[in-house]
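Encoded as structure tokens, the structure appears first; notes follow it.
Protein chains: 2
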Amino acid sequence: MTDPQTTTQTTAPQNTTDVFVDFLCPYAWRGVELAAVLRAGGEAFTLRHFSLVQGNHADNAGQAETAWWLTDQSAGEGSEYQQGSLAAFLAAQAAARQGEDAAWAFALALFRARHEHGQPLNADTIQAAAVQAALDPERFAADLSDDAGLRATLRADLQDAAEIGVFGTPTFVLPTGEAAYYRFENLTRDPAQARAWWDLYVTVLRDGAGVATIKRARNRPARRA
Amino acid sequence: MTDPQTTTQTTAPQNTTDVFVDFLCPYAWRGVELAAVLRAGGEAFTLRHFSLVQGNHADNAGQAETAWWLTDQSAGEGSEYQQGSLAAFLAAQAAARQGEDAAWAFALALFRARHEHGQPLNADTIQAAAVQAALDPERFAADLSDDAGLRATLRADLQDAAEIGVFGTPTFVLPTGEAAYYRFENLTRDPAQARAWWDLYVTVLRDGAGVATIKRARNRPARRA
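Same order as they appear, the protein sequences are chains G and B. Add 1 to the 1-based position in the first sequence for our numbering, that's all there is to it. Add 1 to the 1-based position in the second sequence for our numbering, that's all there is to it.
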């Protein structure tokens with residue numbers, strides 16, 4: 002270990018990379034796993050929330066300003082997706098009140114429960130994720146009951162996402178401002194692989210070509226003769 | 002020059018990279034300029050056609066099979082976009098009858114007329130592009146009059162594009178089968194830069210992450226404090 006007092010830090014970012022996620026989304030899960038590995042290696046990432054149900058809602062289609070907000074819906078309203086995603090978002094806000102590490106541990110536990118183990122986004126799954134993340138259970142219960150407060154912080158995330166123009170998850174916003182959806186099919190928890198996948202993404206966003214989109218065709222052709 | 006009889010060719014691709022384009026699209030223009038630079042350096046690219054008007058047509062929305070084909074429309078039918086794109090496609094088919102170099106020269110001339118010089122996709126612009134590409138004028142006129150034949154070869158491109166799942170232009174299909182839309186904002190005619198932009202794209206498509214999409218958020222946030 003070098004002495005931070007005598008070493009100028011040149012490689013770590015000055016600010017954090019925001020990662021916008023929705024617990025509904027398996028690609029957000031892979032993105033959070035990737036970010037968690039890099040975070041464990043000392044890079045700063047901050048969990049933010051974007052609602053796919055809100056983003057895809059018919060009342061918001063083609064609107065310059067968001068008309069339909071997930072945070073204005075009652076807990077028992079709407080589709081199973083809507084209810085599950087709202088419950089998960091509010092629980093994540095409550096977990097974050099126990100600190101940044103708690104927020105990440107809870108998010109990872111809940112994403113894995115949903116997308117690795119096929120659990121529904123309901124109260125039981127949320128409680129199990131809180132246990133796995135070693136949250137203080139009494140404090141978590143108390144914070145969960147502050148529905149208005151949790152909705153207010155969630156709303157701030159949804160507003161920032163709308164301002165940035167987030168349309169899917171995971172979307173990463175780099176400290177230097179570049180913001181893009183990054184969808185990849187494979188899961189990694191290997192530090193070197195995570196670093197390589199992340200560096201490739203950052204390289205694309207900063208490349209002189211000004212890459213706006215790389216998106217595979219829907220049907221992948223077989224290797225040609 | 003090395004003697005092809007005694008040299009094993011190891012760097013050039015075995016097959017060609019197909020590039021699907023629509024003359025309507027400024028991103029296709031940049032993609033064709035990029036491919037033309039690499040082609041001048043010895044890499045094999047083949048011009049193919051995908052119709053944005055057809056791809057975005059309401060009659061085709063949500064359909065597994067294409068219901069509305071541009072090649073079934075009469076020349077004077079539909080919007081200005083539809084008429085211009087069909088005329089340009091058919092002219093490109095006619096130019097290609099004079100060989101691959103003629104096809105590229107014509108496509109570059111027509112793309113530049115449209116997107117660099119703001120000309121409409123009409124008969125005058127097409128004739129001027131044919132002159133600039135040094136096509137044989139009599140043969141070009143004769144080939145242009147073979148409407149049914151030109152539509153048949155265009156239709157083959159549109160069918161291949163549908164099968165691959167092309168949804169926008171430019172879409173490149175690598176010799177190894179990877180197929181993706183590649184939208185970038187900047188224009189290059191510099192060989193080293195073109196090579197770097199192309200290599201980055203290929204790297205993304207072959208990366209172990211299994212990248213499906215990198216797409217910028219709609220509003221690019223300013224650099225954060």
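From the three backbone atoms N, C-alpha and C, an ideal C-beta is built for every residue, glycine too.
- Nearest Cα to Phe185 of chain B within the set B:Arg31, B:Val20, B:Asp208 and B:Ala92: B:Arg31.
- Under the Cβ criterion (8 Å, minimum of three pairs), the stretch 181-197 of chain G does not count as touching the stretch 48-63 of chain G.
- In the three-state reduction of the DSSP assignment, Ala181 of chain G falls in the strand class.
- In terms of beta-carbon proximity, Ile127 of chain G stays away from the interface with chain B, with every pair separated by 7 Å or more.
- Ranking B:Cys26, B:Gln128 and B:Pro138 by CA distance to the CA of Gly56 of chain B puts B:Cys26 first.
- Look at the stretch 153-213 of chain B and you find these whole runs of beta strand (DSSP E), each 3 residues long or longer: 172-174 and 180-185.
- Between the stretch 198-211 of chain G and the stretch 91-106 of chain G there are fewer than three inter-stretch CB-CB distances shorter than 8 Å, so the stretches are not counted as touching.
- The beta carbon of Ala97 of chain G sits closer than 6 Å to the beta carbons of Ala104 from its chain, once the five residues preceding and following it are set aside; these are given in chain order.
- In the DSSP assignment, Thr47 of chain B falls within the beta strand (DSSP E) that extends over Phe46 to His50.
- Close CB contacts of Arg152 of chain G within its chain, under the 6 Å cut and outside five residues either way in sequence, are with Thr72 (chain order).
- Residues Phe21 and Phe51 of the same chain have their beta carbon placed closer than 6 Å to that of Val167 of chain B, with the five preceding and five following residues left out of the count.
- Apart from the 5 residues on each side of it in sequence, Leu35 of chain G sits with its Cβ closer than 7 Å to the Cβ of Thr189, Ala195, Trp198 and Trp199 in its chain, given in chain order.
- The beta carbons of Leu109 of chain B and Ala37 of chain B sit closer together than 7 Å.
- When the Cα atoms are used, Asp161 of chain G and Thr170 of chain G turn out to be separated by approximately 14 Å.
- In chain B, no part has a C-beta under 8 Å from the C-beta of Gly119 of chain G; the shortest such distance is about 21 Å.
- Boundaries of the alpha helix (DSSP H) harbouring Thr126 of chain G: Ala124 to Gln133, taken from the DSSP string.
- Classified as exposed, Arg219 of chain G has fewer than 16 neighbouring CB atoms from the shown chains inside 10 Å of its CB.
- The shortest C-alpha to C-alpha distance from Arg113 of chain B to any of B:Val212, B:Ile165 and B:Ile127 is the one to B:Ile127.
- Close partners of Asn187 of chain G in chain B (Cβ separation under 8 Å): Gly209, Ala210 and Gly211.
- Apart from the 5 residues on each side of it in sequence, Thr154 of chain G sits with its Cβ closer than 7 Å to the Cβ of Gln94 in its chain, given in chain order.
- Sequence-distant partners of Asn16 of chain B (beyond 5 residues in either direction) whose C-beta falls short of 8 Å from its own C-beta, in its chain, are Ala45 and Pro176.
- Under the DSSP assignment, Phe21 of chain G falls in the beta strand (DSSP E) whose first and last residues are Thr18 to Val22.
- Per DSSP, reduced to three states, the secondary structure at Arg31 of chain G is helical.
- Under the DSSP definition of a beta bridge, Arg140 of chain G lacks any partner.
- Residue state for Arg115 of chain B is assigned as helix, using DSSP reduced to three classes.
- For Arg217 of chain G, the three-state secondary structure derived from DSSP is strand.
- When the Cα atoms are used, Glu66 of chain G and Glu101 of chain B turn out to be separated by approximately 49 Å.
- Straight-line measurement puts the Cα of Gln99 of chain G at about 11 Å from the Cα of Ala134 of chain G.
- Closest in C-alpha terms to Ala106 of chain G, from the list G:Ala131, G:Gly119 and G:Leu159, comes G:Ala131.
- Under the DSSP assignment, Ala88 of chain B falls in the alpha helix (DSSP H) whose first and last residues are Glu81 to Ala97.
- Look at Asp147 of chain B here: in three-state DSSP terms it is coil, with no helix or strand label.
- Residues Ala76, Leu122, Asn123, Ala124 and Ile127 of the same chain have their beta carbon placed closer than 8 Å to that of Ala88 of chain G, with the five preceding and five following residues left out of the count.
- With respect to the C-alpha of Gly119 of chain B, the residue from B:Asp19, B:Ile215 and B:Phe24 having the closest C-alpha is B:Phe24.
- Collapsing the DSSP output to three states places Trp69 of chain G in coil.
- When secondary structure is reduced to three states using DSSP, Ala41 of chain G falls in the helix class.
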